[in-house]
Amino acid sequence: MKYQELYDLSIQNPEAFWAEQANQVDWFTQPQTLLSADAHGYPLWYKDGSLNACYLALDKHINDGYGDAVALIYDSPVTQTVKKYTYNEVKSEVARLAGGLISLGLKKGHTAVIYMPMIPQATFAMLACARIGVTHSVVFGGFAPHELAIRIDDCKPRVIITASSGIEIDRLIAYKPLVDEAIELAEHKPKKVVVLNRKLGARIPFKKYDVDYDALVYGSEEADCVSVESTHPLYVLYTSGTTGKPKGIVRDTGGYVTALKFSMQKIYGVQPGEVFWAASDVGWVVGHSYIVYGPLLNRNTTIVFEGKPIKTPDASTFWRVIAEHRVSVMFTAPTAIRAIKKEDPNGVFIKQYDLSCLRTQFLAGERCDVATLEWYREHIPIPAIDHWWQTESGWPMIANMMGVEYLPIKPGSSGKAVSGYNIVILGENGQELDPNEEGYVVIKLPLPPGTLLDIWNDNERFRAGYLTKFPGYYFSGDGGYKDEDGYIYITGRVDDVINVAGHRLSTAEMEEIVASHHSVAECAVIGVNDELKGQIPLALVVTKFGEEIEHFQLQHEVVKLVREQIGAVASLRDVVVVNRLPKTRSGKILRKLLRSIADGENFQIPSTIDDEAIIGEVREVLELAKVGSYKG
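Each residue of the sequence shown is one higher than the one before, counting from 1 in full-length UniProt numbering.
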């Protein structure tokens with residue numbers, strides 16, 4: 001079946017389409033009610049079905065005779081460790097950990113927080129919770145105690161599962177003191193803290209509530225899988241909110257596993273038994289969907305990677321992992337490729353490895369500029385697929401569906417709408433716009449299975465944030481447009497549009513042009529306040545390693561490029577060179593923070609920031625350059 005035929009079927013008869021996909025899943029109770037609604041009228045999928053995500057990820061494959069197949073490869077350049085686990089080995093540890101959690105008083109309906117680095121035990125903890133019907137909430141390891149305390153108070157875990165430390169390129173981060181401080185700050189007090197001692201030398205202050213991970217696992221019997229209803233919350237995952245208070249995105253079980261299995265085969269084009277690598281972290285939605293649940297549901301070998309794309313030890317790390325483990329399909333953030341491109345602009349390291357196993361490269365998490373795509377394809381001539389989705393959706397909304405039909409790539413576009421997502425571009429008054437007209441990116445209800453069920457303990461915020469602006473539609477918060485062929489272009493968050501003397505201009509479009517300059521490794525364009533024009537654009541640029549270019553020349557050439565492609569109306573005058581850009585740990589550039597710094601506004605440092613020290617660096621550069629609020 002071709003893409004258009006499959007897509008049309010999913011939109012015209014969603015119940016029949018998703019009934020067929022549900023048949024690919026081993027349910028304990030096959031759902032009879034395919035599509036219904038909650039008390040507020042929000043669509044629900046497979047309400048009367050029951051199943052278990054851990055059973056589908058592990059036990060089913062063992063029962064089918066694949067117990068000795070490799071389920072997980074742990075590759076840690078920071079500890080110089082590579083370890084492979086079979087399905088039998090993973091299931092044994094997961095089931096015993098689940099038994100241990102039961103002995104600590106956990107049962108179906110309870111919650112647990114997982115605060116761990118990128119190690120196999122983080123995935124084991126997630127699967128152990130799923131095995132016994134405990135809703136897990138993974139908090140990115142190393143988050144500050146205050147942020148961890150907010151999440152503890154919101155989801156009220158009975159148990160926190162942590163490790164002694166995370167390890168960065170140049171330092172250990174002791175997790176246990178951070179957890180203890182968070183518990184002191186929180187009003188809700190978890191009963192127990194399960195601690196895995198990694199024996200790397202980190203301080204582990206002992207508290208009465210502590211339980212040793214190894215003693216718990218090896219002293220417990222294996223627990224069986226608990227049957228849960230399809231709408232049972234598999235996990236709560238916190239994403240940043242505009243109010244500063246994080247939003248706990250609630251994910252169901254039945255719709256999620258159905259959608260993930262469909263996406264592994266139809267979007268990523270991966271066959272059972274192949275190696276799939278999502279170079280992300282289990283603290284993010286990519287880690288949930290495509291390090292843990294998606295690959296294991298589809299019987300793929302998944303890679304848990306503890307490292308960075310550069311400096312572990314150098315910009316060759318990704319290519320070494322792909323070649324060594326024979327990765328078929330990879331997924332990472334564009335920022336990782338940009339970091340590699342900056343360190344190795346001529347792709348010298350790439351030539352040192354046999355990458356013939358790699359079939360497709362997927363990119364998401366941050367809009368991928370054309371220059372990065374072209375650099376990748378120049379050095380690795382395989383499809384490099386930019387695609388778009390959100391924590392809220394749980395799986396891709398716009399993509400090139402490689403398992404169905406490879407469509408021509410249009411640089412700058414994330415592809416076409418994925419089966420199940422009726423994506424529409426609306427104007428301010430809710431009218432559908434013509435091709436190539438930029439507006440709000442929305443999805444007509446019902447959303448397909450696997451998307452957000454609610455915001456944890458805050459249905460009012462859920463409805464206000466996603467469903468109220470355009471009744472009958474899910475509001476993504478992003479702007480974009482569709483061309484006459486149905487390709488969708490995401491131009492960025494709607495608050496990334498700036499108003500220059502009455503002209504609404506996309507900073508994403510300007511970034512695309514700035515990034516095309518041969519000396520630019522990556523960039524961010526933001527709007528800063530201007531008395532005359534309201535806002536004017538400012539480009540912050542990181543130059544490629546080894547590129548020698550005078551600042552004056554770079555600024556002149558970048559301004560000229562923008563004038564040629566957008567026009568003088570863009571009013572780009574200032575190009576500032578910085579050593580690095582402030583980002584979240586998942587690689588998203590913090591443009592809102594940059595705007596606040598440039599405008600001299602008070603701001604709250606986002607909990608997701610990768611390195612706070614960069615704020616002072618950017619402020620100092622802007623002061624020296626006399627731009628934004630520092631003009632005087």
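Beta carbons: idealized from backbone N, C-alpha and C, even for Gly.
As the structure is a computational prediction, the values presented were derived from the model and not from experiment.
From what residue to what residue does the beta strand (DSSP E) around residue 330 run? Taking the first residue of the sequence shown as position 1, residue 330 is located at position 330. Note, residue 330: beta strand (DSSP E), 329-332.
For residue 303, list the residues DSSP reports as bridge partners.
Working through the sequence shown from its first residue, we reach residue 303 at position 303. Beta-bridge pairing links residue 303 to 73.
Please check if any C-beta of chain B sits within less than 8 Å of the C-beta of residue 530. Of the chains in the structure shown, none is chain B; there is only one protein chain.
Quiz item: Per the contact definition of three or more C-beta pairs closer than 8 Å, is the region 290-301 in contact with the region 69-87?
Solution: yes
| Contacting residues, own chain, Cβ-Cβ under 7 Å from residue 422 (five flanking each side not counted) | As a first step, residue 422 must be located in the sequence shown, where it is residue number 422. Closer than 7 Å at Cβ, skipping near neighbours: 11, 443 and 444.
Notebook entry, point to check: Does the region 273-289 touch the region 117-135, meaning 3 or more C-beta pairs lie closer than 8 Å?
Noted result: yes
- Helix, strand or coil at residue 577 [DSSP, three-state]: Start at 1 with the first residue of the sequence shown, and residue 577 comes out as number 577. In the structure shown, residue 577 sits in a strand (DSSP, three-state: E or B).
Could you give the C-beta distance for residue 649 and residue 132, rounded to a whole number, given that I count them as a contact under 8 Å? The structure shown does not extend to residue 649, since the chain is modelled only from 1 to 632, so the question has no answer here.
So who's on the other strand from residue 427, going by DSSP bridges? Here residue 427 is taken as the residue at index 427 of the sequence shown, counted from 1. DSSP lists no partner for residue 427.
**Prompt:** Contact between the region 95-115 and the region 210-226: three or more CB pairs below 8 Å?
**Reply:** yes
### Query
Does DSSP put residue 233 in a helix, in a strand, or in coil?
Numbered from 1 along the sequence shown, position 233 holds the residue referred to as residue 233. Residue state, collapsed to three classes: coil.
Cα-Cα separation, residue 29 to residue 107: By 1-based counting over the sequence shown, the position of residue 29 is 29. By 1-based counting over the sequence shown, the position of residue 107 is 107. The alpha-carbon atoms of residue 29 and residue 107 are separated by roughly 21 Å.
Do you know offhand how far residue 173's Cα is from residue 71's? Locating residue 173 in the sequence shown gives position 173, where the first residue counts as 1. Locating residue 71 in the sequence shown gives position 71, where the first residue counts as 1. About 28 Å.
* Asked: Curious, which full-length beta strand (DSSP E) runs of at least 3 residues does the region 374-453 contain?
  -> 384-386, 423-426 and 439-444
>> Since residue 1 and residue 404 should fall inside the 8 Å C-beta cutoff, what is the C-beta to C-beta distance between them, to a whole number of angstroms?
In response: The residue given as residue 1 occupies position 1 in the sequence shown. The residue given as residue 404 occupies position 404 in the sequence shown. Confirmed, about 7 Å.
Determine whether the beta carbon atoms of residue 362 and residue 328 lie at a separation below 8 Å.
Here residue 362 refers to the residue found at position 362 when the sequence shown is read from its first residue. Here residue 328 refers to the residue found at position 328 when the sequence shown is read from its first residue. Contact flag unset, no.
Within a Cβ cutoff of 7 Å, which residues of the same chain sit near residue 289, ignoring the five residues on either side of it in sequence? By one-based count along the sequence shown, residue 289 stands at place 289. 260, 394 and 395.
Figure out for me which residue from 55, 250, 345 and 335 has the closest Cα to the Cα of residue 378. Locating residue 378 in the sequence shown gives position 378, where the first residue counts as 1. Among 55, 250, 345 and 335, the Cα nearest to that of residue 378 belongs to 345.
- Task: Report the three-state DSSP secondary structure of residue 18 (helix, strand or coil).
- Result: By 1-based counting over the sequence shown, the position of residue 18 is 18. If DSSP states are grouped into helix, strand and coil, residue 18 belongs with the helices.
message: By the three-class DSSP mapping on this structure, what secondary structure does residue 159 have?
response: Along the sequence shown, read from residue 1 onward, the residue named residue 159 stands at position 159. Here residue 159 sits in strand by DSSP.
Checklist entry - What are the start and end residues of the beta strand (DSSP E) that includes residue 37? => result Numbered from 1 along the sequence shown, position 37 holds the residue referred to as residue 37. Start and end: 35-37.
Reduced DSSP secondary structure (H/G/I, E/B, other) of residue 252
Indexing the sequence shown from 1 puts residue 252 at position 252. Of the three classes helix, strand and coil, the one that applies to residue 252 here is coil, per DSSP.
Would you list the one or two residues that DSSP bridges to residue 639?
Here the chain comprises residues numbered 1 to 632, so residue 639 is not present and cannot be evaluated.
Spatial neighbours of residue 7 in its chain, beta-carbon cut-off 7 Å, leaving aside the 5 residues before and after: Translated into the one-based positions of the sequence shown, residue 7 becomes position 7. Taken in chain order, the residues that qualify are 417 and 419.
Original post:
Going along the chain, which residues of its own chain have a beta-carbon closer than 7 Å to the beta-carbon of residue 271, five neighbours each way excluded?
Top reply: Residue numbering aside, residue 271 sits at position 271 when the sequence shown is read from its first letter. Within the same chain, residue 271 has no close Cβ partners at all.
* Should the region 609-628 be called in touch with the region 577-588, which here means at least 3 C-beta pairs below 8 Å? -> yes
- Query: What's the call for residue 228, buried or exposed, on a 16-neighbour Cβ count within 10 Å?
  - Reply: Position 228 of the sequence shown holds residue 228. By the 10 Å Cβ count, residue 228 comes out buried.
State the CB to CB distance for the pair residue 315 and residue 516, rounded to an integer number of angstroms; the pair is presumed to be in contact (CB under 8 Å).
-> Within the sequence shown, numbered from 1, the residue matching residue 315 stands at position 315. Within the sequence shown, numbered from 1, the residue matching residue 516 stands at position 516. Their Cβ separation, rounded to whole angstroms, is 22 Å, which puts residue 315 and residue 516 out of contact at 8 Å.
* Asked: Does the beta-carbon distance from residue 635 to residue 111 come in below 8 Å?
  -> Only positions 1 to 632 of the chain appear in this structure, which leaves residue 635 out of reach.
task = Pull up the CB-CB distance for residue 599 and residue 494, whole angstroms please, since I reckon it's below 8 Å.
result = Within the sequence shown, the letter at position 599 stands for residue 599. Within the sequence shown, the letter at position 494 stands for residue 494. Rounded, the Cβ-Cβ distance is 19 Å, inconsistent with contact.
Report yes if the C-beta distance between residue 182 and residue 367 is below 8 Å; otherwise report no.
Position 182 of the sequence shown, counted from the first residue, corresponds to residue 182. Position 367 of the sequence shown, counted from the first residue, corresponds to residue 367. No.
Please classify residue 300: is it buried, with 16 or more other beta-carbons within 10 angstroms of its beta-carbon, or exposed?
Sequence index remark: in the sequence shown, residue 300 carries index 300 (1-based). Buried, by the Cβ-count rule.
Worksheet entry | Under the three-state DSSP convention, the category residue 97 falls into | Within the sequence shown, numbered from 1, the residue matching residue 97 stands at position 97. Note: residue 97 maps to helix in three-state DSSP.
Tell me the rounded alpha-carbon separation between residue 9 and residue 449. On the sequence shown, position 9 is the one that residue 9 refers to. On the sequence shown, position 449 is the one that residue 449 refers to. C-alpha separation (whole angstroms): 15 Å.
Does the region 246-263 come close enough to the region 449-466 that 3 or more CB-CB pairs lie under 8 Å? yes
Please report how far the alpha carbon of residue 105 lies from the alpha carbon of residue 597, in whole angstroms.
-> Indexing the sequence shown from 1 puts residue 105 at position 105. Indexing the sequence shown from 1 puts residue 597 at position 597. Taking the straight line joining both Cα atoms gives about 48 Å.
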